[in-house]
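Numbers 103 to 504, taken from the numbering used here, label the letters of the sequence shown in order. Worksheet: the structure to be examined is printed underneath.
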Amino acid sequence: MNTFNKFLRYVAIDTCAQEDTDTVPSTDKQKDLSRLLAQELIDMGAHNVSTDQHGYVYATIPANCDSKSKLGFIAHVDTSPAVSGANVKPVITRNYDGNDINMGNGYTLSPIQYPSLLNHKGETVICTDGTTLLGADDKAGVAEIMQLAYILLTDNSIQHGTVQIAFTPDEEVGHGPMYFDIPRFNADFAYTIDGGRVGEIEFENFNAASARITITGVSIHPGTAKGKMINSLHVAHELHSMLPVEQDPAYTEKYEGFYHLTRMQGVCDNTIMSYIIRDHDRVKFEAKKQLLRDIVNFINIKYGPDTVQLQITEQYRNMREMIEPNMHLIDNAVKAMQQANVQPIIMPIRGGTDGAQLSFRGLPCPNLCTGGYNFHGRYEYITQEAMDKVVEILLNLVKLYK
Ligand SMILES: [Zn+2]
């Protein structure tokens, strides 16, 4: 059973997560895949295999030499609720010729829209039939780790330290690490295999906070309002216009942070605004929050105390500060890729990652590629060759940590 066949088996199982539930997993069906993975790990001879009521799977591949190293690999079983993950029917194109792929159902996967396809001529492309997502995010990561486990457990000529494996639920709804048992996992450090194209190494994500702003106006009959009315909608407009116009998601990329107005609702009497604030750089992140406080103070001086109330809530932090004392994780990932003739691509994540939360809980955990593209949508695709390349990279990493 190769990685390709494992992948096809896993994407056939619907593991779509759901927003706004109080349970982990958010959907019970995620455990269908967790149970299958646990059974497969037992069948291939992994040690210490377990799965729990939340759908986490843990397993150990014991060292076969006197190495003390304990390296972990983590992937998630759930898929994004953005597009259906039920009845996934992969469309397989062998020896891809660089032309449009007819996905069926009136959908076309075209290199004009997705030029990355042209890097995969001659390969076996796996896409969807247009009615669902594919689930390469993150079943490609799952299949690659399972193939790594299979190779290590069958080929005793590869010397390695202890390799710890975990599969998690609910990554797509932000609850992946919630019940992750770090002592049970028992690794010195780990990689999540949850990135995109082959070569990606990610160890920086945003610092993140949300801000809720409540504006209280003075409502009065407009015919007799002169000198008395304070229209909270105008105050909201004024407040927003004092933020740096270029620090908006629509104008930023790479390491540029932003303020994002996610919601605004109001009448003359009161208005509520919701922002998210993002920056990779801790100092700039603190400055962004401070500027918002200063603006609110100014408005309160202008219109009277308590016109505006500001509540800032911290969300997550850039894992870079937790990875920096363990830069061997990045250096070895680069080396493992170069040994596989892959050009490493180090890019900041413009969002958060499960690995960031795990890193701050004491398990340094950068993110590596799965080989897939266009996650969370019907144009999601991956190639058999890309998955094989990732398995080769993981194998190289295991050897580097011997
Ligand atoms: Zn993912």
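For each residue, glycine too, the CB sits at the ideal point set by N, CA and C.
Is residue i near ligand 1, judged by its Cβ being under 6 Å from some heavy atom?
i, result
"D130", "no"
"D240", "yes"
"D116", "no"
"D456", "no"
"D180", "no"
"D168", "no"
"D272", "no"
"D296", "yes"
In the DSSP output, which residue or residues are listed as bridge partners for residue i?
i, result
"C471", "G297"
"C229", "V193"
"V320", "I332"
"Y209", "G206"
"M509", "The requested residue 509 is not part of the displayed model; the chain covers only 103 to 504."
"C118", "T181"
"L173", "V265 and F291"
"S186", "Note: S186 sits in no beta bridge, so no partner."
"D240", "Partner(s): none; D240 has no beta bridge."
"D257", "Bridge partners of D257: none, in fact."
"N309", "D381"
"I414", "A313"
"V159", "T153 and F269"
"Y483", "Y475"
"Y361", "I379"
For residue i, does the count of other Cβ atoms within 10 angstroms reach 16, so buried, or fall short, so exposed?
i, result
"H277", "buried"
"E142", "buried"
"H149", "exposed"
"L465", "buried"
"P427", "exposed"
"S152", "exposed"
"V369", "exposed"
"K170", "exposed"
"M429", "exposed"
"S136", "buried"
"G208", "exposed"
"G453", "exposed"
"Y511", "Since the displayed the chain opens at 103 and closes at 504, residue 511 lies outside it and no answer follows."
"S128", "buried"
"M205", "buried"
"H262", "buried"
"P192", "buried"
"C167", "exposed"
"E494", "buried"
"G319", "buried"
"P346", "exposed"
"E306", "buried"
Within 7 Å of any Cβ in chain D, is that where the Cβ of residue i sits?
i, result
"T153", "No chain D is present in this structure, which holds just one protein chain."
Just checking, does the stretch 179-187 make contact with the stretch 227-246 on the three C-beta pairs under 8 Å criterion?
yes
Are there three or more Cβ pairs, one per stretch, closer than 8 Å when the stretch 264-280 is compared with the stretch 456-476?
yes
Would the stretch 307-322 count as touching the stretch 411-418 if we require 3 or more Cβ pairs under 8 Å?
yes
Cβ contact check for the stretch 436-445 and the stretch 292-311: 3 or more pairs under 8 Å:
yes
Count the C-beta pairs between the stretch 482-499 and the stretch 268-277 that are closer than 8 Å, then say yes if the count reaches three, no if not.
no
Pairs of beta-carbons, one from the stretch 249-268 and one from the stretch 221-229, closer than 8 Å: are there three or more?
no
The stretch 364-384 contacting the stretch 325-339, beta-carbon criterion three pairs below 8 Å
yes
Give a yes or no on contact between the stretch 481-491 and the stretch 430-437, applying the rule of three or more CB pairs nearer than 8 Å.
no
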